[in-house]
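Chemist: Residue numbers (this note's numbering): 2 to 313.
1) Helix, strand or coil for residue 133? Go by DSSP, reduced to three states.
2) Taking the straight line between their C-alpha atoms, what separation do you get for residue 198 and residue 181?
3) Taking 8 Å as the cut-off, does the stretch 83–91 touch the stretch 127–145 (at least 3 CB pairs, one atom from each stretch)?
4) Anyone know if the C-beta pair for residue 114 and residue 28 falls short of 8 Å?
5) Beta-carbon separation of residue 228 and residue 252 under 8 Å?
6) Does the count of Cβ pairs from the stretch 93–109 and the stretch 44–53 closer than 8 Å reach three?
7) Suppose you measure from the CA of residue 260 to the CA of residue 208; what does that come to, to the nearest Å?
8) Following the continuous beta strand (DSSP E) through residue 13, name the residue where it begins and the one where it ends.
9) Going by CA-CA distance only, name the one from 12, 88, 258, 79 that's closest to residue 169.
10) Which word fits residue 143, buried or exposed, when buried means at least 16 other C-beta atoms lie within 10 angstroms of its C-beta?
11) Among the candidates 106, 245, 175, 74, whose CA atom is the shortest distance from the CA of residue 52?
12) Please report the distance separating the alpha-carbon of residue 245 from that of residue 226.
13) Can you give me the C-alpha to C-alpha distance between residue 128 and residue 79, rounded to a whole angstrom?
14) Provide the residue(s) that pair with residue 89 in DSSP beta bridges, ordered along the chain.
15) Can you give me the start and stop residues for the alpha helix (DSSP H) that residue 111 sits inside?
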């Protein structure tokens, strides 16, 4: 490692843009080092990928983003076309030093020791999410024997985190990254729009069916008999008197009020007349009758004696 900046030296650098492989850093492991020594190389790789330098190809961008620069590895290798750092391939060649099971154990231990470098960061959105690989290193495992037996185009590549043998193109892909989440989200949005359109069409069909359905004929109101007293309708003639007795099915509210009002007997003197006149005698009874309105209306007029020469 340099005193000014971290540096690493890969055993090989493969570049095949025509095959969809811009750059691939290769580490050949002959299984002569300890597991943690091999895993420590990925920490140095990650430090190297974090080094940033000035963007000499775009001075204007450097002036705007002074102090940020661009990653150093981008000035050495072409863009990978994927999120994250350049992929690293580990080719295990144990020879006769390790058996098949011992080699599997070594690969599993190196996978666990380097998890923080290749796992990425999980981002959660509601019930779904994605993995952010912007600061992750794609790590691939294979063996020299697999490449020799099946060839590089076959499914001889094990991507840390994928849990199966794949072709190189599938191994370099990120099936659970942000782009995959956007595709799933677009599919969910299309499905929601389809369901909303179906629901809207269903409601419109129900509304049309309701308009086309023949209406129920309006039932006429029952005809009530007339008032027994006055012959008018029992109800519907303005606002009924709240002080009238309850309906009896015979008289309207006005007639019920008249019937319920107590009548005074005009043949008997009023209490005021009795207070002013004596309680006995003919003259007292006459004065009581004079106080009655009916008496004043029907009392006999006094006779006048006519004289030939005029009244006397």
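Note that CB positions come from ideal geometry on N, CA and C, so glycine has one too.
Modeler: Quick answer:
1) Looking up residue 133 in the chain shown gives position 132. The answer is strand: DSSP assigns residue 133 an E or B state.
2) As a first step, residue 198 is located in the chain shown; it is residue number 197 there, counting from the start. As a first step, residue 181 is located in the chain shown; it is residue number 180 there, counting from the start. Taking the straight line from one Cα to the other gives about 26 Å.
3) Under the 8 Å Cβ criterion, the stretch 127–145 counts as touching the stretch 83–91, having at least three qualifying pairs.
4) Locating residue 114 in the chain shown gives position 113, where the first residue counts as 1. Locating residue 28 in the chain shown gives position 27, where the first residue counts as 1. No, the Cβ-Cβ distance between residue 114 and residue 28 is not below 8 Å.
5) Here residue 228 is taken as the residue at index 227 of the chain shown, counted from 1. Here residue 252 is taken as the residue at index 251 of the chain shown, counted from 1. When the beta-carbon positions are compared, residue 228 and residue 252 come within less than 8 Å of each other.
6) At 8 Å Cβ cutoff, the stretches do not touch.
7) Locating residue 260 in the chain shown gives position 259, where the first residue counts as 1. Locating residue 208 in the chain shown gives position 207, where the first residue counts as 1. Take the alpha-carbon of residue 260 and the one of residue 208: they are about 56 Å apart.
8) Mapped onto the chain shown, residue 13 falls at position 12. 13–17 is the span of the beta strand (DSSP E), which, as asked, contains residue 13.
9) In the chain shown, the residue the question calls residue 169 occupies position 168. Taking only the C-alpha atoms, the option nearest residue 169 is 88.
10) Here residue 143 refers to the residue found at position 142 of the chain shown. Answer is buried; the Cβ neighbour count reaches 16.
11) Taking the first residue of the chain shown as 1, we reach residue 52 at position 51. The shortest C-alpha to C-alpha distance from residue 52 to any of 106, 245, 175, 74 is the one to 74.
12) The residue given as residue 245 occupies position 244 in the chain shown. The residue given as residue 226 occupies position 225 in the chain shown. In a straight line, the C-alpha of residue 245 is about 19 Å away from that of residue 226.
13) Along the chain shown, one-based indexing puts residue 128 at 127. Along the chain shown, one-based indexing puts residue 79 at 78. Going from the Cα of residue 128 to the Cα of residue 79 covers about 36 Å.
14) Residue 89 sits at position 88 when you count from the first residue of the chain shown. For residue 89, the pairing in a beta bridge is given by DSSP as 26, 140.
15) One-based indexing of the chain shown puts residue 111 at position 110. Counting along the chain, the alpha helix (DSSP H) containing residue 111 begins and ends at 101–114.
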